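Chemist: One point on numbering: in the UniProt record's numbering, the residue at position 40 of the sequence shown is 40, and numbering is uninterrupted.
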Amino acid sequence: MTLSPAARIALRIVMALGLAVVYVPLLVVLVNSVNADKAFGWPPSGFTGRWWSQALDNEGARRAVLTSVKAGLGATAAALVLGTMAAFAVARHRFFGREAVSLVVVLPIALPGIVTGIALSNAFQVVLKPLGIGLGLFTVIVGHATFCVVTIYNNVLARLRRTGTSLEEASADLGADTFQTFWYVTLPGLRSAMLAGALLSFALSFDEIIVTTFTAGPGAETLPIWIFGNLFRPNQAPVVNVLAAVLIVLSVVPIWIAQRLSAGARTVP
Numbered sequence: 001m002t003l004s005p006a007a008r009i010a011l012r013i014v015m016a017l018g019l020a021v022v023y024v025p026l027l028v029v030l031v032n033s034v035n036a037d038k039a040f041g042w043p044p045s046g047f048t049g050r051w052w053s054q055a056l057d058n059e060g061a062r063r064a065v066l067t068s069v070k071a072g073l074g075a076t077a078a079a080l081v082l083g084t085m086a087a088f089a090v091a092r093h094r095f096f097g098r099e100a101v102s103l104v105v106v107l108p109i110a111l112p113g114i115v116t117g118i119a120l121s122n123a124f125q126v127v128l129k130p131l132g133i134g135l136g137l138f139t140v141i142v143g144h145a146t147f148c149v150v151t152i153y154n155n156v157l158a159r160l161r162r163t164g165t166s167l168e169e170a171s172a173d174l175g176a177d178t179f180q181t182f183w184y185v186t187l188p189g190l191r192s193a194m195l196a197g198a199l200l201s202f203a204l205s206f207d208e209i210i211v212t213t214f215t216a217g218p219g220a221e222t223l224p225i226w227i228f229g230n231l232f233r234p235n236q237a238p239v240v241n242v243l244a245a246v247l248i249v250l251s252v253v254p255i256w257i258a259q260r261l262s263a264g265a266r267t268v269p
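#1: Could you tell me whether the Cβ atoms of residue 254 and residue 203 are closer together than 7 angstroms?
#2: Could you tell me if residue 94 is buried or exposed, where buried requires 16 or more neighbouring beta carbons within 10 angstroms of its beta carbon?
#3: Is residue 35 helix, strand or coil by DSSP?
#4: So is residue 43 buried or exposed if we call it buried at 16+ other beta carbons inside 10 Å?
#5: Helix or strand or just coil, what does DSSP make of residue 269?
#6: On the DSSP bridge assignment, give the partners of residue 47 in chain order.
#7: Given a cut-off of 7 angstroms on the beta-carbon distance, is the pair residue 211 and residue 143 in contact?
#8: Quick check on the DSSP output: the alpha helix (DSSP H) that includes residue 144 runs from which residue to which?
#9: Can you tell me whether residue 100 is helix, strand or coil according to DSSP?
#10: CA-CA distance, residue 326 and residue 51?
#11: Would you say residue 222 and residue 71 are within 7 angstroms of each other, going by their C-beta atoms?
#12: Would you kindly work out how many angstroms separate the C-alpha atoms of residue 152 and residue 86, rounded to a whole number?
#13: From 64, 29 and 49, pick the residue whose C-alpha is nearest to that of residue 219; which is it?
#14: With burial defined as no fewer than 16 other Cβ atoms inside 10 Å of the residue's Cβ, what is the status of residue 268: buried or exposed?
#15: So what does DSSP say about residue 95, is it helix, strand or coil?
#16: Give the straight-line distance between the Cα atoms of residue 235 and residue 257, rounded to the nearest whole angstrom.
#17: Along the alpha helix (DSSP H) that carries residue 191, what are the first and last residues, could you check?
#18: Which residues bound the alpha helix (DSSP H) around residue 125?
#19: Check residue 52 in the structure and name its three-state DSSP category.
#20: From residue 53 to residue 226, what does the alpha carbon distance come to, in whole angstroms?
#21: Please report the distance separating the alpha-carbon of residue 248 from that of residue 15.
#22: Does the segment 115-127 come into contact with the segment 162-173, if we say contact requires no fewer than three beta-carbon pairs (one atom in each stretch) closer than 8 angstroms?
#23: I'd like to check one pair, residue 214 with residue 68: are the Cβ atoms closer than 7 angstroms?
#24: Tell me which same chain residues have a C-beta within less than 6 angstroms of the C-beta of residue 82, skipping the five on either side of it?
#25: Using three-state DSSP, classify residue 232 as helix, strand or coil.
#26: Specify the secondary structure class of residue 68 as computed by DSSP and reduced to three states.
#27: Going by the CB atoms, is the gap between residue 118 and residue 147 shorter than 7 angstroms?
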């Protein structure tokens, strides 16, 4: 399609406005994390790093960050195993209900978070409570894994469909068994897709709040939950801005790395 110069200019203006709506508020949060004015007047009267020092000294904030990291790593590990296995089943085998399995795996990320949270909370109360297992870090990891598995599944499935089975068949023809073929042929081709999916999963888990609200117990306060709980406390406002900035960085960096890995994989012949 050929666009006129005026249309191209208009599209660029609309794109710039759309990006500004998304990223200018994030930039304001980053600037306020070093704003010397505790009331966050604009423009900043000066810049300081004392709010970052206060955040580092805040025991509740440190504990929340550690809980989020644990939950993100746990959910990513679970999703990595389950998503990869599901992708292999759908891509490499033909069976009744294969498309239904694919839909069931992808569906959780399309459901509203509040629906998923309520459903998981009820399930945990019915299944785990009689066993003496209450809400806590384990239930948060399970809740996050339900939607993190989608990113692993989609990345691995796309890579399996793109690479085909010719290399695996050649490996088998040369005498390699199933494990050797997987370890030396299949896994190297999937490594970047799995890593990209894992980074996206960690980013999704790290900043998730709705499902966490329904699945976290008193001792499993994640960073987003801590920020929300302290958002309207004036004395905690500087620390909240610092942790919001940390949340932005820890969410953006994995997504950027995953995008670079995916782009690099597409350029490989």
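Glycine included, every Cβ here is placed at the ideal spot set by N, Cα and C. Every value quoted in this text rests on a predicted model; they were computed, and no experiment measured them.
Modeler: The answer reads as follows:
#1: Yes.
#2: When all chains shown are included, residue 94 counts as exposed.
#3: In the structure shown, residue 35 sits in a strand (DSSP, three-state: E or B).
#4: Exposed.
#5: Low local confidence applies: a pLDDT of 43 at residue 269 is under 50, so the model's placement there is unreliable, with the coordinate-based value given in what follows. The three-state reading of DSSP puts residue 269 in coil, since its state is none of H, G, I, E or B.
#6: Paired residues: 35.
#7: Cβ distance < 7 angstroms, so residue 211 and residue 143 count as in contact.
#8: Here the alpha helix (DSSP H) through residue 144 covers 137-163.
#9: In the structure shown, residue 100 sits in a helix (DSSP, three-state: H, G or I).
#10: In the structure displayed, the chain extends from 1 to 269; residue 326 sits before or after that span and is not available.
#11: Yes, the pair counts as a contact, with Cβ atoms nearer than the cut-off.
#12: The C-alpha of residue 152 lies about 9 angstroms from the C-alpha of residue 86.
#13: From the listed residues 64, 29 and 49, the smallest Cα separation to residue 219 is found for 64.
#14: For residue 268, the pLDDT reaches just 45, beneath the cut-off of 50, and the residue's location in the model is therefore unreliable, although a value from the coordinates is still provided. By the Cβ neighbour-count rule, residue 268 is exposed, with fewer than 16 other Cβ atoms within 10 Å of its own.
#15: Secondary structure of residue 95 (DSSP, three-state): coil.
#16: Computed Cα separation, rounded: 35 angstroms.
#17: Counting along the chain, the alpha helix (DSSP H) containing residue 191 begins and ends at 187-206.
#18: Unbroken alpha helix (DSSP H) run through residue 125: 113-127.
#19: Residue 52 falls in the helix class under three-state DSSP.
#20: So the alpha carbons of these two residues sit roughly 18 angstroms apart.
#21: Each residue's CA atom was taken as its position, placing residue 248 and residue 15 some 22 angstroms apart.
#22: Segments in contact, no.
#23: One thing to note: residue 68 has its Cβ no nearer than 7 angstroms to the Cβ of residue 214.
#24: Within the same chain, residue 82 has close Cβ partners 149.
#25: Coil at residue 232, not helix or strand.
#26: Reduced to three states, the DSSP call for residue 68 is helix.
#27: No, they are not a contact pair.
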